[in-house]
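Asks:
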Amino acid sequence: MRKKFLPVVISVASALAMTGCGKKSEEAASAAPRIFVMVPKGVHPYYEPCYEGFKDAAGKYGVKVEYRAAKAFEVPQQVEIIENIIARRVDGIAISALDDQGLVPVIEEAVKAGIKVITFDAPAPSSKALTYIGTMNEAAGYAGAEELIKILNGEGEVAVIQGGLGAPNLNDRFKGFVRCLKEKAPNIKIVAREDEQGKMDLTVNKTEALLQAHPNLTAIFGVSAEVCPGASAALKQQGRGGKIILAGFDDLPDTLAGIRSGVVNFCIAQRTYKMGWLSVEKLRDALEGKPLPKEIDTGVVIINKDNVDTYMQDMKKEFGK
Amino acid sequence: MTNFERSPKSCTSNFRDNLFLRLLRRRESGIFLALLVLMLTITAFQPNFATANNLYLIGRQIAYTAIVALGVFFVILTSGIDLSVGSVVGLSGVICGMAMAAGLSPFVAVAAGLLTGLAVGAVNGAIVAYVGLTPFIVTLGMLSMARGLVFILTHGDSIRAIPEPFIRAGLMDVLGIPMPVIVLALVGIIAYFVSNHSVFGRQLYALGGNEQAASLSGINTRHLKLMAYSISAMLSSITGVLFVARFRSAQANAGLGMELDAIAAAVIGGKSLMGRQGSVMAVLLGASIMGVLRNGLVLMAVSSYWQELIIGLVIVLAAVVDIARSRWR
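Chain order of the listed sequences is A and B.
With the working numbering applied, the first sequence covers 1 to 321.
With the working numbering applied, the second sequence covers 1001 to 1329.
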């Protein structure tokens, strides 16, 4: 993926070099344009819109941006990448933190070197990162439940499927989901909460078992990304696609295809483009000495049949793109 | 050497009692009994378990894992281990899916998927047999490499342009029996004859029993190892291809962690990881216990916090019972 972005980086940089002379912005005033680097957790398509927002904002503000992704989602690799960036004396780093404690020392090192560090997408609250720009997972789970209540008219049996019981972000989503149902729809019962450990085959197997165990099941809600693709395969196999309400987190291509074909009712997507865009803006603010809030909730977008083909564009329109 | 007498062949001929007693003395009967008790217990708590529809679904769920477990069985027979099977499931599925997405006929795509498995297995086997590295290290490396290749090929995305006829074929029923179960039956029968009634099979047991002795008696142990790892990965790729139909797409993380389920099935099936023991039937029963347990825990609405603990407990319990059994004999 790095290769894919390289030409883009170069073209953005050269475009800046050409237009930079005429600009009277602060960035152009200093000798070289500022350099902001985005460090995702690793190579994953999820980060593509993040970087797009990062890049587009950089284009607007005349900043030079780079993208440095580790091959695997491993803390030592992410630390190494950040260390290399520090050595190059860039101006700002936006990190999607793989780990909280594991990144504390390297972020401190960056701060000491005078680099502004923020986190996006995944926080590192114990570190010296100035702010966290991303989805507040509990609020996102709450928003998902609100949408589900509308579809179910406030009644029914829901099974929740989650990928890993140890992930704080997923547990937060579940917490928000449960809280919303309790507050707004006491007649919707959560009849099961199953763990599929992030595995596709387990997702399908557990969906099949849930349908067997709960004949009156009206809806399945997936707290993690692989649930909608897996559960929709199981529902289709049993000819119950569209009859059982299926909804869940994240806009994987499989989930979007499920929405188009009617097996998936809606999904909750994070505003990834916004995360990238705001990362640039907040890094600029930090360089200008403006105080940053501890957290910035980017919110979620509910994707259903109506906006499945336009939501990405809609998210960008927010920033005039 | 006492253990060696319990290889399936000599076991039956030792006992001239009636058929029932002979069956009872086999190691498989204990596991079968355990499976039966497990199923009855679940039914007592949740009558929904024993419906025809649920048994059909469980049968299909078990088949995918059991095919992989049978492959691992051949490697474990040689006192080896194959940790790469889960990644091979993913890689072969992706190759098969990419071939179909590129417009190739499903037959060619399936062949490509299976050949991928065979190639990976041959690499594993060649390094273990001819370079002499520990199987644990070789296949651990392959676990990472094969999954890495999947990510390079797919960027983590899934391949969804799978022709509908292929999906239908992979999920179709013949006389009410789902396709994966039919494939498992075929694989199981072949595996049974190869392991119990062929020279190759007897040599595998001999190799697992004592490599040096096997080698001194003129068995080409290197060739045997190469074959065992090739079979293992090849069978994994069958599940890989079947998964493409099951998920209606080739998923980058298909088969993730499957090596553990396959090895667990083999261990429950009464094999020590030291090789030379166990049988095809025992592995199938082991896979069934795992599948029934997973399904039953959901049906009985056991809290998901407890499920993994119970599954682990059953694995260890099965191994303990097996050791106790062999000491009492």
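Idealized CB from N, CA, C, for every residue including glycine.
The structure presented is a predicted model; accordingly, all values stated were derived computationally and were not measured.
Below 7 Å on C-beta distance, what does Ala1301 of chain B contact in chain A?
Replies: The residue given as residue 1301 of chain B occupies position 301 in the second sequence. Result: Ala192, Ala213.
Asks: I need the DSSP call for Arg1246 of chain B, collapsed to helix, strand or coil.
Replies: Sequence index remark: in the second sequence, residue 1246 of chain B carries index 246 (1-based). Of the three classes helix, strand and coil, the one that applies to Arg1246 of chain B here is helix, per DSSP.
Asks: If you draw a straight line from the alpha carbon of Glu27 of chain A to that of Glu66 of chain A, how long is it in whole angstroms?
Replies: Within the first sequence, residue 27 of chain A is the residue found at index 27, counting from 1. Within the first sequence, residue 66 of chain A is the residue found at index 66, counting from 1. Because the pLDDT at Glu27 of chain A is just 45, under 50, the model does not fix this residue reliably, and the value given afterwards should be weighed accordingly. Cα-Cα distance, rounded: 16 Å.
Asks: Do Ser1084 of chain B and Val1120 of chain B have their C-beta atoms closer together than 8 Å?
Replies: Counted from its first residue, the second sequence places residue 1084 of chain B at position 84. Counted from its first residue, the second sequence places residue 1120 of chain B at position 120. Their beta carbons are under 8 Å apart, which means Ser1084 of chain B touches Val1120 of chain B by this criterion.
Asks: Could you give the C-beta distance for Ile149 of chain A and Ile188 of chain A, rounded to a whole number, given that I count them as a contact under 8 Å?
Replies: The sequence position of residue 149 of chain A within the first sequence is 149, counting from 1. The sequence position of residue 188 of chain A within the first sequence is 188, counting from 1. The pair is a contact, with the Cβ atoms about 7 Å apart (cut-off 8 Å).
Asks: Can you give the beta carbon distance from Ile95 of chain A to Val43 of chain A, rounded, assuming they're within the 8 Å contact cut?
Replies: Counting from 1 along the first sequence, the entry for residue 95 of chain A is found at position 95. Counting from 1 along the first sequence, the entry for residue 43 of chain A is found at position 43. Rounded, the Cβ-Cβ distance is 15 Å, inconsistent with contact.
Asks: Does the Cβ of His214 of chain A have 16 or more other Cβ atoms within 10 Å, making it buried, or fewer, making it exposed?
Replies: Walking along the first sequence from the start, residue 214 of chain A turns up at place 214. Result: buried.
Asks: Just the chain A side, please: which residues come within less than 7 Å of Leu1140 of chain B by C-beta, in chain order?
Replies: Within the second sequence, residue 1140 of chain B is the residue found at index 140, counting from 1. Here the premise fails: no neighbours, minimum Cβ distance about 15 Å.
Asks: For Ser1158 of chain B, would you say it is in contact with chain A, using Cβ-to-Cβ distances shorter than 8 Å as the test?
Replies: Taking the second sequence and counting its residues from 1, the one referred to as residue 1158 of chain B is at position 158. Ser1158 of chain B counts as touching chain A.
Asks: Is DSSP giving Met38 of chain A helix, strand or coil here?
Replies: Position 38 of the first sequence, counted from the first residue, corresponds to residue 38 of chain A. It is a strand residue.
Asks: Run through DSSP, which three-state label would Lys189 of chain A get?
Replies: Here residue 189 of chain A refers to the residue found at position 189 of the first sequence. Here Lys189 of chain A sits in strand by DSSP.
Asks: Does DSSP classify Val1302 of chain B as helix, strand or coil?
Replies: On the second sequence, residue 1302 of chain B is found 302 positions in, with the first residue counted as 1. It is coil, neither helix nor strand.
Asks: Please list, in chain order, all residues of the same chain as Ile1162 of chain B whose beta carbon is under 8 Å from its beta carbon, the five residues on each side excluded.
Replies: One-based indexing of the second sequence puts residue 1162 of chain B at position 162. Correct list, in chain order: Gly1097, Met1100, Ala1101, Val1244, Ala1245, Arg1248, Ser1249, Ala1250.
Asks: Quick one: Cα of Thr203 of chain A to Cα of Glu226 of chain A, how far?
Replies: As a first step, residue 203 of chain A is located in the first sequence; it is residue number 203 there, counting from the start. As a first step, residue 226 of chain A is located in the first sequence; it is residue number 226 there, counting from the start. Each residue's alpha carbon lies about 8 Å from the other.
Asks: Between Gly324 of chain A and Asn137 of chain A, is the Cβ-Cβ spacing less than 8 Å?
Replies: The requested residue 324 of chain A is not part of the displayed model; chain A covers only 1 to 321.
Asks: Is there at least one Cβ from chain B nearer than 8 Å to Gln101 of chain A's Cβ?
Replies: In the first sequence, counting from the first residue as 1, residue 101 of chain A sits at position 101. No, Gln101 of chain A lies away from the interface with chain B (no Cβ there is under 8 Å from its Cβ).
Asks: Quick check on this structure: which residue in A:Gly248, A:Ala234, A:Asn153 has the alpha carbon closest to the alpha carbon of Gly222 of chain A?
Replies: For the purposes of this step, residue 222 of chain A is taken as residue 222 along the first sequence, with counting starting at 1. Comparing Cα positions, the closest option is A:Gly248.
Asks: Does the distance from the CB of Leu1204 of chain B to the CB of Ser1195 of chain B come in under 8 Å?
Replies: Looking up residue 1204 of chain B in the second sequence gives position 204. Looking up residue 1195 of chain B in the second sequence gives position 195. Yes; because the gap between Cβ atoms is below 8 Å, this pair is in contact.
Asks: Please name the residues in the segment 1226-1247 of chain B whose beta-carbon is closer than 8 Å to at least one beta-carbon of chain A, in chain order.
Replies: Going along the segment 1226-1247 of chain B in chain order, one finds Phe1243, Arg1246, Phe1247 with a Cβ nearer than 8 Å to chain A.
Asks: How big is the Cα-Cα spacing for Tyr273 of chain A and Lys60 of chain A?
Replies: In the first sequence, counting from the first residue as 1, residue 273 of chain A sits at position 273. In the first sequence, counting from the first residue as 1, residue 60 of chain A sits at position 60. Taking the straight line from one Cα to the other gives about 14 Å.
Asks: Around the C-beta of Ala17 of chain A, are 16 or more other C-beta atoms found within 10 angstroms, so that it is buried, or is it exposed?
Replies: To locate residue 17 of chain A, count along the first sequence from 1; it is residue 17. Residue confidence for Ala17 of chain A is low, a pLDDT of 49 falling below 50, so the modelled location carries little weight; the figure read from the coordinates is stated next. Ala17 of chain A comes out exposed.
Asks: Count the other CB atoms within 10 Å of the CB of Val308 of chain A; is the residue buried (16 or more) or exposed (fewer)?
Replies: Position 308 of the first sequence, counted from the first residue, corresponds to residue 308 of chain A. Buried, by the Cβ-count rule.
Asks: Is DSSP giving Ile107 of chain A helix, strand or coil here?
Replies: Within the first sequence, numbered from 1, the residue matching residue 107 of chain A stands at position 107. Three-state result, Ile107 of chain A: helix.
Asks: Under three-state DSSP, which class holds Ile74 of chain A?
Replies: The residue given as residue 74 of chain A occupies position 74 in the first sequence. For the sequence presented, residue 74 of chain A should be read as Glu rather than Ile. Three-state result, Glu74 of chain A: coil.
Asks: CB-CB under 7 Å to Leu152 of chain A, same chain, minus the five flanking residues each way: which ones, in chain order?
Replies: Indexing the first sequence from 1 puts residue 152 of chain A at position 152. Closer than 7 Å at Cβ, skipping near neighbours: Ile188, Thr218, Ala219, Ile245.
Asks: Under 8 Å, Cβ to Cβ, is there at least one residue of chain A near Ser1304 of chain B?
Replies: Here residue 1304 of chain B refers to the residue found at position 304 when the second sequence is read from its first residue. Yes, its Cβ sits closer than 8 Å to a Cβ of chain A.
Asks: In this structure, how does DSSP classify Asp254 of chain A when only helix, strand and coil are distinguished?
Replies: Counting from one through the first sequence, the residue named residue 254 of chain A turns up at place 254. Note: Asp254 of chain A maps to helix in three-state DSSP.
Asks: Run through chain A and tell me which residues come within less than 7 Å of Ser1084 of chain B, C-beta to C-beta.
Replies: Residue numbering aside, residue 1084 of chain B sits at position 84 when the second sequence is read from its first letter. Those within 7 Å of Ser1084 of chain B in chain A number zero; the least Cβ separation is about 17 Å.
Asks: Using a Cβ-Cβ cut-off of less than 8 Å, list which residues of the segment 246-278 of chain A approach chain E; keep chain order.
Replies: You won't find chain E in this structure, because its protein chains are A and B.
Asks: Classify Ser1198 of chain B as buried or exposed, calling it buried when 16 or more other Cβ atoms lie within 10 Å of its own Cβ.
Replies: As a first step, residue 1198 of chain B must be located in the second sequence, where it is residue number 198. Result: exposed.
Asks: Cβ atoms of Val178 of chain A and Ile161 of chain A: under 8 Å apart, would you say?
Replies: Taking the first residue of the first sequence as 1, we reach residue 161 of chain A at position 161. Taking the first residue of the first sequence as 1, we reach residue 178 of chain A at position 178. No; because the gap between Cβ atoms is not below 8 Å, this pair is not in contact.
Asks: Which word fits Ser25 of chain A, buried or exposed, when buried means at least 16 other C-beta atoms lie within 10 angstroms of its C-beta?
Replies: Within the first sequence, the letter at position 25 stands for residue 25 of chain A. Interpretation of Ser25 of chain A is limited by its pLDDT of 45, a score under 50 that renders its predicted location unreliable; no figure is taken from the coordinates.
Asks: Compare the C-alpha of Leu1293 of chain B against each of A:Thr135, A:Ile86, A:Ala209, A:Val111 and name the closest.
Replies: Your numbering for residue 1293 of chain B matches position 293 in the second sequence. For Leu1293 of chain B, the nearest C-alpha among the options comes from A:Ala209.
Asks: I want to see whether chain A comes within less than 8 Å of Asp1155 of chain B, judged by CB atoms only; does it?
Replies: The count along the second sequence starts at 1 and reaches residue 1155 of chain B at position 155. Looking at the sequence itself, residue 1155 of chain B is His, so the reference to Asp does not match. Yes, because at least one Cβ of chain A sits closer than 8 Å to the Cβ of His1155 of chain B.
Asks: Ordered along the chain, which non-local residues of its own chain (more than five positions away) have a Cβ less than 6 Å from that of Gly92 of chain A?
Replies: On the first sequence, residue 92 of chain A is found 92 positions in, with the first residue counted as 1. So the list reads Phe36, Lys116, Leu283, once near-sequence residues are dropped.
Asks: Is there contact here, the segment 192-199 of chain A with the segment 111-126 of chain A, by at least three beta-carbon pairs under 8 Å?
Replies: At 8 Å Cβ cutoff, the stretches do not touch.
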